[in-house]
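Note sheet for the following structure.
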Amino acid sequence: MPLALPDKLPAIDLLKKENIFVMDESRASGQDIRPLRIVILNLMPLKIVTETDLVRILANSPLQLTVEFMKVKAHTSKNTPVEHMRQFYRDFELMRDEKFDGMIITGAPVEHLPFEDVNYWEEITGIFDWSRTHVTSTMYICWAAQAGLYHHYGVPKYPLDSKMFGIFEQLPLLPTEPIFRGLDTTFRQPHSRHTEVRREDILCRPALTLLAESRESGVSMVMAREGREFYITGHSEYDPFTLDTEYRRDLAKGLSIEMPKNYYQGDDPERGPKVTWRADGNMLFHNWLNYYVYQVTPYNINDIH
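Here this note's numbering is used: the first residue of the sequence shown is -4, the next is one more, and so on.
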């Protein structure tokens, strides 16, 4: 099934060139189907890049989805055209009375700050609380995962000695959980972060279930409220060249940055990335949409509570 997107969203043309089936709102409105409503709170600075990564992976689902974009009012994006934000994004205040089948909250480049020092902390924690009564299942990614675990459960974050950067093998700890259906005994996931949450802090909180971890990258996936919340510290949605772009950007800035691990063919940036995580990422997102959104969300979306 296709993914229905706002008319003229840049991701539409980009993904059609990849033979990914998407349709704009004008065509989707003529179909007599109750699509799943997915809202994305995009906190990343390069919003069009993040939109495209997420839309790409959502578009591979057999379910019909409509995707909408939310932004926080307390922060103005400096790296995305104002016209794009006005056309495709709405402030949370304009959406607070609506309900959604699924929600994705992205990472943000604010890891160096204590949570309370983030200028939109009060607004975003209000959104975290709102999602519990207005969304069937919410997926928190990277910094958002750390922020959500801290806000809801008091889980602290810790600075890393060096950036966790590369592709790392993850071990499912509960392999029969539906989120892992169709995956092998291990799966790969990109990581790009300077902070972490620790397994001992997860395990001592009965409301949290540690789903997956890695010897190299630590905690990978945490579940709460029987799948109404997922906290994912990596980036299963990443495009093949996202880590390459980050690496070359930091080198150009003269920053001290190690080559992403387990990423380049023969550890040679000139040979390009060896893509080993995308099938796993597609399966994780499909399982989330199927087992934790589609199969449990009410047909009448207003019945979500």
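Ideal Cβ positions, reconstructed from N, Cα and C, are used throughout, including at glycine.
Using the Cβ count rule (16 or more neighbours within 10 Å means buried), how would you classify residue i?
i: HIS107; result: exposed
i: GLY149; result: exposed
i: TYR259; result: buried
i: LYS152; result: buried
i: VAL62; result: buried
i: ALA247; result: exposed
i: SER215; result: buried
i: GLY102; result: buried
i: GLN290; result: exposed
i: HIS302; result: In the structure as shown, the chain begins at -4 and stops at 300. Residue 302 is therefore absent and cannot be evaluated.
i: HIS300; result: exposed
On the DSSP letters alone, give me the boundaries of the beta strand (DSSP E) that residue i sits inside.
i: LYS66; result: 60 to 66
i: PHE163; result: 153 to 167
i: THR181; result: Here THR181 belongs to no beta strand (DSSP E), and DSSP marks it neither H nor E.
Considering residue i, what are the terminal residues of the alpha helix (DSSP H) in which it resides?
i: PHE225; result: Segment 224 to 227 is the beta strand (DSSP E) holding PHE225; no alpha helix (DSSP H) there.
i: VAL44; result: 42 to 53
Would you tell me roughly how many angstroms separate the C-alpha atoms of residue i and residue j, rounded to the nearest one?
i: THR120; j: VAL288; result: 22 Å
i: HIS70; j: GLU88; result: 14 Å
i: HIS146; j: ASN55; result: 32 Å
i: PRO5; j: ILE43; result: 7 Å
i: GLY143; j: ARG266; result: 38 Å
Where does residue i sit, in a helix, a strand or coil, going by DSSP?
i: PRO268; result: strand
i: GLU307; result: Coverage of the chain is limited to positions -4 through 300, which leaves residue 307 absent and any answer about it impossible.
i: HIS107; result: coil
i: THR101; result: coil
i: ASN285; result: helix
i: VAL34; result: strand
Using only the heavy atoms of the ligand ADP, determine whether one of them is closer than 7 Å to the beta carbon of residue i.
i: ARG91; result: The ligand ADP is absent from the structure shown, which contains no ligand whatsoever.
Inspect the CB distances between the segment 197 to 209 and the segment 150 to 166 and report whether three or more fall short of 8 Å. Yes: at least three Cβ pairs fall under 8 Å.
Is the segment 219 to 233 touching the segment 131 to 142 in the sense that three or more CB pairs, one from each, lie closer than 8 Å? As far as the Cβ criterion goes, the segment 131 to 142 touches the segment 219 to 233, which means the pair count is three or higher.
Are three or more beta carbon pairs between the segment 235 to 247 and the segment 189 to 199 nearer than 8 Å? Contact between the segment 235 to 247 and the segment 189 to 199 is absent, with fewer than three C-beta pairs closer than 8 Å.
Three or more C-beta pairs below 8 Å linking the segment 268 to 288 and the segment 174 to 182: Counting Cβ pairs under 8 Å, three or more are found: they touch.
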